[in-house]
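*Asks:* In full-length UniProt numbering, the protein residues as written are 422 to 701.
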Ligand code: C2E
Ligand code: MG
Ligand code: MG
Ligand code: MG
C-alpha cells in the first residue's frame, strides 16, 4: 500500500517535472525567436544627482514585447537566458542598442547597462563592449556597467582581469544591489568599483524604523570613506528622498522621479530638472 502510494507520488512528480521541462523549452524557443524578430526593447530610468539637481545618467532596463502577455519584465526571462547562454547574444544586443540610444542624449548623460556574470565570463565580452561604443560613436567614459557581486563569486581570476581591462579602457563599473549578497564588503576590497548602488530593500523601512536610517548612513559613509560614489535605488516617496538626503546621499533613482520609460520619453525628462526636486 505504502509502496504503491510512493510510486503514485513519484509518477505525479515525474509528470510535473516533464511539464516544467517542457515549459522551459517553450520559453527558451520563444526567447530565441523574440531576439531574431526584434521583440526586445529597452526602457530607461533616470539617475538623479541631488547636488546639481539634474539627471546625470540613464539605466537601460530590458523588456520583452510579447504578443499575448504584453510587456514582460526581465525577472521572468533573464535567469533562463543566463542558464541557456542566450544572455550572450541578448546582452550584446542590449549593449549595442543602448549605446546607439545614448548617442542621442546630451554628452553629460551617462549610460548604465546591466551585465550578467554569464556575459562577463564569455570570451570576447570586453571587445564587444568596445565595439558597441565605437559603432555608436560614444566615449567609454559615458558607460557604466552594473553587475552584482555574483560576477566575483564565480570564475574570479578571469572576471577580475576582464573588469580591470574594461576599467583601464575608461569604462566605469558599478556594484548593483549592494548589501543583498552575503559578502558585499569583501568584494569591495577585491575590486575597485566606481560606484555602489545601495539596494532598495534598505529604503523600504526608512520612514518606519530608526535603525534603517543608521544602516543607510553607515553604507553611505562606507562609500565616502572608500572614495566610491554611492547611489540609492528605489526611492518612491518624498519622505524617503528626504531621509536619504539627510543621511548624506548624493545620487538617487526610483519611481518618485520616473519609472523606466521608452527612449522617446527620455528627451522630455532630460530637457528639464526632475519635478520631484522642485520646491514643494
Ligand atoms: P536592477 O538592475 O537592480 O534594476 C532595478 C529594478 O528596480 C528595475 O526592475 C526597476 O524597474 C526597478 N525599480 C526602479 N525604481 C524602483 C522603485 O522606486 N521601486 C520599485 N519597487 N522598483 C523600482 P526591472 O526593470 O524589472 O529589472 C529587474 C532586474 O533585471 C534588474 O535589476 C537587473 O538585474 C535585470 N536586468 C534588467 N535589464 C537587464 C539587461 O539588459 N541585462 C541583464 N543582464 N540584466 C538586466
Ligand atoms: Mg541595475
Ligand atoms: Mg539594483
Ligand atoms: Mg536587481
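Cβ atoms here follow ideal geometry from the backbone N, Cα and C, with glycine treated the same way.
Can you look up residue 642 in the DSSP assignment and give me helix, strand or coil?
*Replies:* As a working mapping, residue 642 is identified with position 221 in the chain shown. It is helical.
*Asks:* Compute the Euclidean distance between the alpha carbons of residue 463 and residue 511, then round it to the nearest angstrom.
*Replies:* Within the chain shown, the letter at position 42 stands for residue 463. Within the chain shown, the letter at position 90 stands for residue 511. Whole-angstrom Cα-Cα distance: 12 Å.
*Asks:* Given a cut-off of 8 Å, decide if residue 524 and residue 468 are closer than it, judged by their beta-carbon atoms.
*Replies:* Within the chain shown, the letter at position 47 stands for residue 468. Within the chain shown, the letter at position 103 stands for residue 524. Contact: no.
*Asks:* Using the Cβ count rule (16 or more neighbours within 10 Å means buried), how would you classify residue 681?
*Replies:* Walking along the chain shown from the start, residue 681 turns up at place 260. Its Cβ being crowded by 16 or more others within 10 Å, residue 681 is buried.
*Asks:* With H, G and I counted as helix, E and B as strand and the rest as coil, what does DSSP make of residue 657?
*Replies:* Position 236 of the chain shown, counted from the start, is the residue given in the question as residue 657. In the structure shown, residue 657 sits in coil (DSSP, three-state: anything other than H, G, I, E or B).
*Asks:* In or out: residue 535 buried (at least 16 other Cβ within 10 Å) or exposed?
*Replies:* By one-based count along the chain shown, residue 535 stands at place 114. Classification of residue 535: buried, given that the 10 Å Cβ count is 16 or more.
*Asks:* From this set, 623, 684, 648, which residue's C-alpha is nearest residue 657's C-alpha?
*Replies:* Along the chain shown, read from residue 1 onward, the residue named residue 657 stands at position 236. Among 623, 684, 648, the Cα nearest to that of residue 657 belongs to 623.
*Asks:* Closest to residue 599 by C-alpha separation, out of 454, 488, 609, 593, would be which residue?
*Replies:* As a first step, residue 599 must be located in the chain shown, where it is residue number 178. Measuring from the Cα of residue 599, the nearest candidate turns out to be 609.
*Asks:* With a cut-off of 8 Å on the beta carbons, I'd call residue 547 and residue 496 a contact; round off their distance for me.
*Replies:* The sequence position of residue 547 within the chain shown is 126, counting from 1. The sequence position of residue 496 within the chain shown is 75, counting from 1. In fact, because the Cβ distance is near 27 Å, the residues do not count as touching under 8 Å.
*Asks:* Sort out for me which residues DSSP pairs residue 592 with in a bridge.
*Replies:* Residue mapping note: residue 592 aligns to position 171 of the chain shown, counting from 1. Partner(s): none; residue 592 has no beta bridge.
*Asks:* Within the segment 443 to 508, note down every full alpha helix (DSSP H) run reaching 4 residues or more, in order along the chain.
*Replies:* 499 to 505
*Asks:* Going by DSSP, what residue range makes up the beta strand (DSSP E) through residue 534?
*Replies:* For this step, residue 534 is matched to residue 113 along the chain shown. Run containing residue 534: 531 to 535, per the beta strand (DSSP E) assignment.
*Asks:* Taking contact to mean 3 or more Cβ pairs, one atom from each stretch, closer than 8 Å, check whether the segment 483 to 493 and the segment 537 to 557 are in contact.
*Replies:* The answer is no - the segment 537 to 557 does not touch the segment 483 to 493, with fewer than three Cβ pairs under 8 Å.
*Asks:* Since I believe residue 448 is in contact with residue 501 (beta carbons under 8 Å), could you give me their beta-carbon distance rounded to a whole number of angstroms?
*Replies:* Taking the chain shown and counting its residues from 1, one reaches residue 501 at position 80. Taking the chain shown and counting its residues from 1, one reaches residue 448 at position 27. Residue 501 to residue 448, Cβ: 6 Å. Contact.
*Asks:* Are the Cβ atoms of residue 565 and residue 478 separated by less than 8 Å?
*Replies:* In the chain shown, residue 565 corresponds to position 144, counting from 1. In the chain shown, residue 478 corresponds to position 57, counting from 1. Yes, they are a contact pair.
*Asks:* Quick one, which of 604, 621, 647 has its alpha-carbon nearest residue 677's?
*Replies:* As a working note, residue 677 is residue 256 in the chain shown. The candidate whose alpha carbon is nearest that of residue 677 is 621.
*Asks:* Closer than 7 Å: is that where the CB of residue 683 sits relative to any heavy atom of ligand 1?
*Replies:* Stepping through the chain shown from its first residue, residue 683 is reached at position 262. The answer is no for residue 683.
*Asks:* Return yes when at least one heavy atom of ligand 6 lies under 7 Å from the C-beta of residue 626, else no.
*Replies:* Among the ligands in the structure shown, ligand 6 does not appear; only ligand 1, ligand 2, ligand 3 and ligand 4 can be found there.
*Asks:* When you compare each of 461, 457, 475 to residue 690 by their alpha carbons, which one comes out closest?
*Replies:* Translated into positions along the chain shown, residue 690 becomes position 269. Answer by Cα proximity: 475.
*Asks:* Report whether the distance from the Cβ of residue 654 to the nearest heavy atom of ligand 3 is below 7 Å.
*Replies:* Working through the chain shown from its first residue, we reach residue 654 at position 233. Correct: residue 654 has its Cβ closer than 7 Å to ligand 3.
*Asks:* Comparing the CB of residue 537 with every heavy atom of ligand 1, is any distance shorter than 7 Å?
*Replies:* Counting from 1 along the chain shown, the entry for residue 537 is found at position 116. It does: the Cβ of residue 537 is within 7 Å (strictly closer) of some heavy atom of ligand 1.
*Asks:* Compare the Cα-Cα distances from residue 557 to each of 438, 471, 518, 607 and report the closest residue.
*Replies:* Looking up residue 557 in the chain shown gives position 136. Answer by Cα proximity: 518.
*Asks:* Just reading off the beta strand (DSSP E) that residue 566 is part of, what are its end residues?
*Replies:* Sequence index remark: in the chain shown, residue 566 carries index 145 (1-based). 564 to 568 is the span of the beta strand (DSSP E), which, as asked, contains residue 566.
*Asks:* Identify whether residue 701 lies in helix, strand or coil by the three-state DSSP scheme.
*Replies:* Indexing the chain shown from 1 puts residue 701 at position 280. Confidence at residue 701 is low in this model, with a pLDDT of 46, below 50, so the placement of that residue should be treated as unreliable; the coordinate-derived value is given next. If DSSP states are grouped into helix, strand and coil, residue 701 belongs with coil.
*Asks:* Can you name, in chain order, every residue of its own chain whose Cβ lies under 7 Å from the Cβ of residue 485, other than the five neighbours on each side?
*Replies:* One-based indexing of the chain shown puts residue 485 at position 64. Non-local C-beta neighbours of residue 485 in its own chain, meaning closer than 7 Å and more than five positions away in sequence, comprise 455, 460, 461, 493, 498, ordered along the chain.
*Asks:* Hey, which unbroken runs of the alpha helix (DSSP H) at 4 residues or more fall wholly within the segment 587 to 631?
*Replies:* 605 to 611, 622 to 625, all fully within the segment 587 to 631.
*Asks:* Could you tell me the distance, in whole angstroms, from the CA atom of residue 563 to the CA atom of residue 626?
*Replies:* On the chain shown, position 142 is the one that residue 563 refers to. On the chain shown, position 205 is the one that residue 626 refers to. Distance between the alpha carbons of residue 563 and residue 626 is about 33 Å.
*Asks:* Is the beta carbon of residue 510 within less than 7 Å of some heavy atom of ligand 1?
*Replies:* Walking along the chain shown from the start, residue 510 turns up at place 89. Residue 510: no, Cβ never under 7 Å from ligand 1.
*Asks:* What's the C-alpha gap between residue 649 and residue 579?
*Replies:* Within the chain shown, residue 649 is the residue found at index 228, counting from 1. Within the chain shown, residue 579 is the residue found at index 158, counting from 1. Cα to Cα, the separation comes out at about 23 Å.
*Asks:* Is it right to say residue 568 is buried, meaning 16 or more other beta carbons lie within 10 angstroms of its own, or is it exposed?
*Replies:* Residue mapping note: residue 568 aligns to position 147 of the chain shown, counting from 1. Answer is buried; the Cβ neighbour count reaches 16.
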